[in-house]
Amino acid sequence: MLSRLTRPQALAVCALPVVALIATAVFAPLPFSLAQPGLTANVLGDNKGTPVITISGATTRRTSGQLRMTTIEATNPDAHVSLSNVISAWFATDRAVMPHDSVYPSGKSTREIEQHNSAQMKQSQDAATRAALDYLHLSDKKVKVTLKLADVGGPSAGLLFTLGIIDKLDGNGSGGDLTAGRTIAGTGTIDGDGTVGAVGGVALKTQAARRDGATVFLVPKAECSDAKSELPKGLRLIPVTTLKGAVNSLVALETGKGSVPSC
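Position one of the sequence shown corresponds to residue -8 (my numbering), numbered consecutively onward.
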């Protein structure tokens, strides 16, 4: 014989699956990564006691100011990211929710991802060297450039590596520095022909740049809108698409002659 449930009892019984589903959604891992502003490093200086840029086979110059590459810090590839984590980060200006596969290659182990990022960094460094020496009309057979940046992977430091090499070898081309003594930060991939590419995470990178004293930020032109979305006060954006354009913009900013583009 079955007993009839009262209305409150029936509602309670029906609510149990709903509560279980909500609890599962809140605590179950989701295919996202959480990111925040990461470290920045002055490519004209040292990193962990080692010069970031070492050049032999050509005369180098003493530089002033800083050229700071920027990074984001993301949760580990195998980190458990729940709905509550996502909701919390969604409303924070210093954090971002990103699809896991946009941060890490799909189906790769943590070790494989580290190897992938290291390979991308090596390719970026090689491209940066080629782009800088080609811009200065120097032979890579005579000039040797070594780039070292500990604990950083991926291709997004390419533009800043290239500018650092140029500043150490030629400055602004007229005896001065590309930085004009400023702290300039930025991001962007670089091809051997000097083309600057988008990288992602620029809204967080601008925050890292301003935190570490930058007043100017070089951003791939395609990412201007993202860079402006959470732009810190006191940080000026300069969009770039090519190495030549980036150098011309910095020289114009220094001399006051010529136009400096803006987002």
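Glycine included, every Cβ here is placed at the ideal spot set by N, Cα and C.
Report the rounded CA-to-CA distance for residue i versus residue j, giving the unit in angstroms.
{"i": "A32", "j": "T41", "result": "12 Å"}
{"i": "L(-4)", "j": "I78", "result": "Model confidence at L(-4) stands at a pLDDT of 47, short of 50, so the residue's coordinates are unreliable; what they give is reported in the following sentence. Near 37 Å, if we compare the C-alpha coordinates of I78 and L(-4)."}
{"i": "A70", "j": "E64", "result": "13 Å"}
{"i": "S73", "j": "Q27", "result": "17 Å"}
{"i": "T170", "j": "S55", "result": "7 Å"}
{"i": "V210", "j": "S147", "result": "11 Å"}
{"i": "G167", "j": "K196", "result": "27 Å"}
{"i": "H107", "j": "D161", "result": "33 Å"}
{"i": "K235", "j": "L241", "result": "10 Å"}
{"i": "G185", "j": "G192", "result": "22 Å"}
{"i": "K135", "j": "E214", "result": "33 Å"}
{"i": "I229", "j": "S250", "result": "11 Å"}
{"i": "G164", "j": "D117", "result": "23 Å"}
{"i": "K159", "j": "L127", "result": "11 Å"}
{"i": "N38", "j": "V143", "result": "11 Å"}
{"i": "E245", "j": "P252", "result": "13 Å"}
{"i": "D85", "j": "T51", "result": "38 Å"}
Count the other C-beta atoms from every protein chain shown that fall within 10 angstroms of the C-beta of residue i, then say buried if there are 16 or more, exposed otherwise.
{"i": "S24", "result": "buried"}
{"i": "S(-6)", "result": "Caution is warranted here: a pLDDT of 46 is assigned to S(-6), below 50, making its placement in the model unreliable, and no coordinate value can be reported."}
{"i": "N76", "result": "buried"}
{"i": "F208", "result": "buried"}
{"i": "K133", "result": "exposed"}
{"i": "V4", "result": "Its pLDDT being 44, under 50, V4 is placed unreliably by the model, and nothing is read from it."}
{"i": "T178", "result": "buried"}
{"i": "V9", "result": "With a pLDDT of only 42 at V9, under the threshold of 50, the placement of this residue in the model should not be trusted; the figure read from the coordinates follows. Classification of V9: exposed, given that the 10 Å Cβ count is below 16."}
{"i": "T120", "result": "buried"}
{"i": "R102", "result": "exposed"}
{"i": "T206", "result": "exposed"}
{"i": "G172", "result": "exposed"}
Tell me residue i's beta-bridge partners as DSSP assigns them.
{"i": "F82", "result": "For F82, which the question treats as bridged, DSSP gives no partner whatsoever."}
{"i": "N239", "result": "Paired residue(s): none; N239 is not in a bridge."}
{"i": "Q27", "result": "E64"}
{"i": "A87", "result": "A26"}
{"i": "Q57", "result": "T174"}
{"i": "T45", "result": "T137"}
{"i": "T332", "result": "Outside the displayed span of the chain (-8 to 254) sits residue 332, for which this structure offers no information."}
{"i": "N38", "result": "T41"}
Check whether the Cβ of residue i sits closer than 8 Å to any heavy atom of the ligand HEM, and report yes or no.
{"i": "P68", "result": "Only the bare structure without any ligand can be found here, which leaves the ligand HEM out of the picture."}
Going by beta-carbon coordinates alone, are residue i and residue j separated by less than 9 Å?
{"i": "A194", "j": "A87", "result": "yes"}
{"i": "L151", "j": "R53", "result": "no"}
{"i": "T45", "j": "A199", "result": "no"}
{"i": "I181", "j": "T153", "result": "yes"}
{"i": "K113", "j": "V43", "result": "no"}
{"i": "G155", "j": "S115", "result": "no"}
{"i": "V231", "j": "V187", "result": "yes"}
{"i": "G204", "j": "Q111", "result": "no"}
Requested in this report: Write down every uninterrupted run of the alpha helix (DSSP H) in the segment 207 to 235 whose length is 4 residues or greater and which is fully enclosed by it, in chain order.
Outcome: 215 to 220
Completely contained alpha helix (DSSP H) runs for the segment 97 to 179, where each covers 4 or more residues:
Secondary structure remark: continuous alpha helix (DSSP H) runs of at least 4 residues inside the segment 97 to 179, in chain order: 101 to 126, 149 to 160.
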